[in-house]
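Undergrad: To start, I am sharing the structure in question, which I have written as structure tokens.
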Amino acid sequence: MVNMGVVSVIQSAVSEQIGQLFKVDLAPSEVLVNETKPEFEGDYTVVLFALVKSLKKNPEALGKELGEQLITSNPTLFSGFNVIKGFLNLSLADSFWLRFLQQSYNDPIFGRQPSNGQRVMVEYSSPNTNKPLHLGHLRNNFLGWSVAEIFKANGYEVIKTCIVNDRGVHICKSMLAWEKFGHGATPESTGIKGDHLVGDYYVKFENELRAQTIPVLEKIRAGDLSDIDQDDKQKLTLFISKVPPLQDNAAKKQEVEDEIKEIARNNTPLMREVRQMLIKWEQGDPATIALWKQMNSWVYQGFDATYRRIGSDFDKIYYESNTYLLGKNLVESGLKKGVFFQKEDGSVWIDLTAVGLDQKIVRRKDGTAVYITQDIGLAVQKYEEYKCDQSIYVVGDEQNYHFKVLKLIAQKLGLPAADGIYHLSYGMVELPSGKMKSREGTVVDADDLVDEMVRIAQEKTVELGKVQDFTPEELKDLYDTIGLGALKFFLMRVDPKKRMVFNPEESIDFHGFTGPFIQYTHARIKSILRKEPVDHQQVTDTVGSLFPLEKAVITLSEQYPSILAQAGAEHNPSVIANYIFRMAQTFNSFYTEHSVVNAESPEKKQLRLKLVQLTANIIASAMHLLGIRVPERM
RNA sequence: GGGCCCGUAGUUCAAUGGAUAGAAUAGAAGUUUCCUAAACUUUUGAUACAAGUUCGAUUCUUGUCGGGCCUACCA
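For the first sequence, our numbering assigns the number 71 to the initial residue and increments by one for each residue that follows.
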């Protein structure tokens, strides 16, 4: 890996000295180097315990010997050391930090890697066209966009894509409800944003469906199955027979009851009508297609506005209506290769029991492709179009199993795209009251949330009254910057893999571990730089030794390139969020303790100006990778 | 029934097997003649439980308890 951060320099130096002193081969990556804890003297610490055994030395002696050897062989790097228990604490020479500062302070792309010739695709957002975006989509969009930028920063060419789920029973629900209850309503006639309008009819459908389910369910409970479809009758009878033995097991009983309810829902007149509509859509019925196009176009107008607002963009958009038939020919070739097998009824399956999974259907008995087959087909199409080395799917963790199977099938089929499949799985966003449920109307709408954040940013800014000379356009821009910055930072500061709780009260806070805190740090630096230009002359050792807080800021700055590498390797923007917060925090302490403009000497002033400029560059760069803008003033 | 994931201060989050488990917020106490106080400083407070591996465990293993997700010829 091309990471010549100081940590890897130390690792190499230790590895080399161990080799010379003890004739032992130790890879640099095996040397454990940590930041020295603040209560001890030093900058970085080599942890020696692991070496003690193989070298047969006691930790103290080993540390002393190694420390002396390191200093004599690297006099420009190390200025001192101490050994406590098994920890070798190394101090790095001020001149080293000054050299680093001189090289980096004016580098606008500090930390970014040159092109590595690799191409990666990031698929994210992937909305359904039957309702507007919500809080969960925001986490997805922010993560996807950010990971794409992080990969660019690590030298990859990136293609951002989106698969729009524009067909299927869900959109038919909105269409049917609009037909029945819409009276020709349009976004223009109602003044409602297109995606919200369509979503309203989806809700209307669900409400109507709930009402229709009640009598069906009552009839089932009364033992009358005459209204139930043939295919469902058997399942239903089975479930009903399961209920009485489960009286003591509330959770299990609920599960079975839910299954029964689901069957009841599917046997309402409304659901029958919706399925009829889907069949008409698949047959290409002109009226159905026209209505579908009409309503989807409303949704796209709405989505476009939201995407523009939150800063999501795509290089290529796929539509499920164009891709849902893909993958059928793969089934044929899979059968020939013996990867798949056919059951008596004609359905095609793959047997994954050998790797601890189940059998999975890949083609229905009626010959149509299932979801996973379409996904494989799309993966192939993507590869043919872009030949990406990696294909990252930003999809919620409820689909972990799906992607595991997807990759396995692709590998068994020997597809060239197979090994590059990576599921960036993220946890659900929950509310303090629990999970968001669209059927219960507890979903936090994306547009509403953004509006609310921006509104609070405005309120707070007006209250502080620091930018009263801004034009109305500048103010609007600033409110957007702060409001969206707070929201994005809040959703990305957590490890993507983990579930997270969104508390509306706390997430609108602009203090502490938040986006605005970091934006504010940037604005204060810019204020200094407006007052005093940076002198580009070489900093020399005559400035005197570095104060702890000066050194702390430089040390953190130096870590930025390896933080970017780590964030990329882990597909994890929260690494950057945590880092940049720590950077801002440390800088603020420095800012309070030491004056830049009124520094003790002209040399110190120039040193600090460079330090301050480097910090501003890093903050702007890191925040950009999170999709967050930083203001000149706030 | 089977599989996967998660339990850390009141709350929301950190911690490649390494030093006395870090932050933020909430609570308590301070800091504006000085580059923007959306800031800074001090302070109270946590590894669900029980064994095991290890010089050393929040981290690895097993069990218990508590939560989530998957296990559809839905997408």
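A virtual CB, placed ideally from N, CA and C, is assigned to each residue, including glycine.
So, is GLN607 buried or exposed, given that buried needs 16 or more other C-beta atoms within 10 angstroms?
TA: GLN607 is exposed by the Cβ-count criterion.
Undergrad: Using a Cβ distance threshold of 8 Å, determine whether the region 234 to 244 contacts the region 346 to 357, with at least three qualifying pairs required.
TA: Touching, yes.
Undergrad: If you pair each beta-carbon of the region 509 to 529 with each one of the region 217 to 230, do three or more pairs fall below 8 Å?
TA: Verdict: no, contact absent.
Undergrad: To the nearest angstrom, how far is it from the Cα of LYS201 to the Cα of ASP177?
TA: Those two C-alpha atoms are separated by around 45 Å.
Undergrad: What does ALA439 pair with, by DSSP beta-bridge criteria?
TA: Partner(s): ARG433.
Undergrad: Measuring CA to CA, which of SER195, ALA692, HIS581, GLU576 is closest to SER632?
TA: It is ALA692.
Undergrad: Taking only runs that begin and end inside the region 235 to 277, name each unbroken alpha helix (DSSP H) of 4 or more residues, in chain order.
TA: You should have 239 to 251, 257 to 260.
Undergrad: Using beta-carbon positions only, say whether LEU681 and VAL623 come within less than 9 Å of one another.
TA: Yes, Cβ-Cβ distance for LEU681 and VAL623 is below 9 Å.
Undergrad: Going straight from the alpha carbon of PRO257 to that of LEU267, what length do you get?
TA: For PRO257 and LEU267, the distance between alpha carbons rounds to 7 Å.
Undergrad: Going by beta carbon distance, what residues of the same chain come within less than 8 Å of LEU634, once the five residues before and after it are set aside?
TA: Cβ within range, chain order: GLY181, ARG182, GLN183, ILE220, ALA223, ASN224, ILE646, LEU695.
Undergrad: State the DSSP-derived secondary structure class of VAL571, mapped to helix, strand or coil.
TA: In the structure shown, VAL571 sits in a strand (DSSP, three-state: E or B).
Undergrad: Kindly confirm or deny that the region 453 to 464 and the region 433 to 444 touch, where touching means at least three C-beta pairs closer than 8 Å.
TA: No, the region 453 to 464 does not touch the region 433 to 444.
Undergrad: Around the Cβ of GLN81, are there at least 16 other Cβ atoms within 10 angstroms (buried) or fewer (exposed)?
TA: Buried.
Undergrad: Taking the beta carbon of ALA360 as the centre, do at least 16 other beta carbons fall within 10 Å, making it buried, or is it exposed?
TA: Exposed, because fewer than 16 other Cβ atoms sit within 10 Å of the Cβ of ALA360.
Undergrad: Determine the contact status of TYR194 and SER382, defining contact as a CB-CB distance below 9 Å.
TA: The answer is yes: Cβ separation under 9 Å.
Undergrad: Find out if the Cβ-Cβ distance for the pair THR625, TRP167 is shorter than 9 Å.
TA: A contact, by the Cβ cut-off of 9 Å.
Undergrad: Going along the chain, which residues of its own chain have a beta-carbon closer than 7 Å to the beta-carbon of GLU702, five neighbours each way excluded?
TA: If we look at GLU702 and ignore the five residues flanking it on each side, its Cβ neighbours are ALA593, LYS596.
Undergrad: What does the alpha-carbon distance come out to for the pair ASN159 and VAL153?
TA: Their Cα atoms are separated by approximately 6 Å.
Undergrad: Please report the straight-line C-alpha distance between MET365 and LEU534, rounded to a whole angstrom.
TA: Between MET365 and LEU534, the C-alpha separation is close to 44 Å.
Undergrad: Which of the three DSSP states is assigned to MET653 in this structure?
TA: Here MET653 sits in helix by DSSP.
Undergrad: Could you tell me the distance, in whole angstroms, from the CA atom of ALA218 to the CA atom of GLY187?
TA: Those two C-alpha atoms are separated by around 15 Å.
Undergrad: Buried or exposed: which applies to MET74, given that a residue is buried once 16 or more other Cβ atoms fall within 10 Å of its Cβ?
TA: Exposed is the call here.
Undergrad: Just grab the DSSP bridge partners of LEU316 for me.
TA: Bridge partners of LEU316: none, in fact.
Undergrad: Taking just the CA atoms, how far does PHE157 sit from GLY89?
TA: Computed Cα separation, rounded: 19 Å.
Undergrad: May I ask which residues mark the beginning and end of the alpha helix (DSSP H) holding PHE151?
TA: Counting along the chain, PHE151 falls outside any alpha helix (DSSP H), though it belongs to the beta strand (DSSP E) covering 148 to 154.
Undergrad: What are the boundary residues of the beta strand (DSSP E) that GLN629 is part of?
TA: Taken as a continuous stretch (DSSP letters only), GLN629 belongs to no beta strand (DSSP E), as it is neither H nor E.
Undergrad: On the criterion of 16 or more Cβ atoms from any shown chain inside 10 Å, does LEU348 qualify as buried, or is it exposed?
TA: Its Cβ being crowded by 16 or more others within 10 Å, LEU348 is buried.
Undergrad: List the endpoints of the continuous beta strand (DSSP E) containing TYR389.
TA: Here the beta strand (DSSP E) through TYR389 covers 386 to 389.
Undergrad: Tell me which residue opens and which closes the beta strand (DSSP E) that VAL465 is part of.
TA: Counting along the chain, the beta strand (DSSP E) containing VAL465 begins and ends at 460 to 466.
Undergrad: Checking the sheet assignment: what are the DSSP bridge partners for TRP419?
TA: Per DSSP, PHE411, ILE431.
Undergrad: Tell me whether the beta-carbon of PHE587 lies closer than 9 Å to the beta-carbon of ARG563.
TA: Contact flag unset, no.
Undergrad: On the DSSP bridge assignment, give the partners of HIS204 in chain order.
TA: Note: HIS204 sits in a beta bridge opposite ASP515.
Undergrad: Compute every distance between the C-beta of ASN159 and the non-hydrogen atoms of the ligand PLP, then say whether any falls below 8 Å.
TA: In the structure shown, the ligand PLP is absent, as is every other ligand, since no ligand is present at all.
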